[in-house]
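Below is one structure; the comments refer to it alone.
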Amino acid sequence: MWSPTYGRVTFDQMYKIVKDFICEYPEYEYEITIGSDSQNHELTKTVLCVAVWRKGKGGIYFTDTKYTSIITNIRQKLIHETSLSLDLALRLTDRFKDDDVDCNITAIHVDAGNKGPTSRYISEIVGWVRACGFDCKIKPESYCASSIADRASK
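Each number in our numbering comes from the position in the sequence shown (counting from 1) with 646 added on.
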């Protein structure tokens with residue numbers, strides 16, 4: 647994983663940084679969002695993002711880049727991105743529970759919107775994310791996927 651603030655980090659290091667960031671000022675409200683976006687190059691490059699926002703006080707984020715064979719089907723691409731986001735969200739949620747940290751993933755951000763070719767898959771993806779116990783945000787509210795991860799996937 648990589649952060650503009652902390653540089654290269656492992657999952658365990660990222661988790662500790664996030665936990666410490668939240669525990670440093672427990673009186674503040676936090677939003678933790680996870681999203682992903684992908685672009686086709688020689689391979690499909692998928693960037694996952696974990697963003698932690700201390701409301702009114704800024705935040706931190708981390709990205710992780712994965713490569714896979716080219717995915718040209720838009721539905722398959724959304725499923726792939728969402729699967730990676732859910733996996734990361736579940737791993738983080740489990741760690742928070744194991745360490746008795748009072749923290750939840752606020753939402754999974756999906757790079758899909760009501761306009762364009764992704765619109766036909768929104769109900770399927772949102773239903774899947776909600777069935778896994780997370781809120782789901784789509785464009786224009788899905789900044790973690792459609793802004794941070796999008797920029798890093800280019």
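Here a beta-carbon is modelled for each residue, glycine too, at the ideal position from N, C-alpha and C.
Distance, residue j Cα to residue i Cα
| i | j | result |
| --- | --- | --- |
| residue 798 | residue 707 | 12 Å |
| residue 795 | residue 673 | 29 Å |
| residue 681 | residue 745 | 23 Å |
| residue 754 | residue 742 | 17 Å |
| residue 679 | residue 709 | 12 Å |
| residue 647 | residue 752 | 20 Å |
| residue 655 | residue 705 | 17 Å |
Top-ranked residue by Cα proximity to residue i, from the options
| i | options | result |
| --- | --- | --- |
| residue 691 | 704, 727 and 679 | 727 |
| residue 730 | 701, 749, 751 and 693 | 693 |
| residue 837 | 750, 774, 670 and 688 | Since the first and last residues shown for the chain are 647 and 800, residue 837 lies out of range. |
| residue 756 | 657, 661 and 721 | 721 |
| residue 786 | 647, 765, 661 and 650 | 765 |
| residue 716 | 687, 704, 703 and 705 | 687 |
| residue 668 | 790, 732, 655 and 750 | 750 |
Per-residue DSSP class, three states only, for residue i
| i | result |
| --- | --- |
| residue 710 | strand |
| residue 778 | coil |
| residue 658 | helix |
| residue 735 | helix |
Beta-carbon proximity check, residue i vs residue j, cutoff 8 Å
| i | j | result |
| --- | --- | --- |
| residue 777 | residue 767 | no |
| residue 816 | residue 792 | As shown, the chain starts at 647 and ends at 800. That puts residue 816 outside it, with no answer to give. |
| residue 689 | residue 714 | yes |
| residue 734 | residue 696 | yes |
| residue 701 | residue 670 | no |
### Message
To test your reading of the DSSP string, which unbroken alpha helix (DSSP H) runs of 4 or more residues are found completely within the region 659–695?
### Response
DSSP runs (the alpha helix (DSSP H)) wholly in the region 659–695: none.
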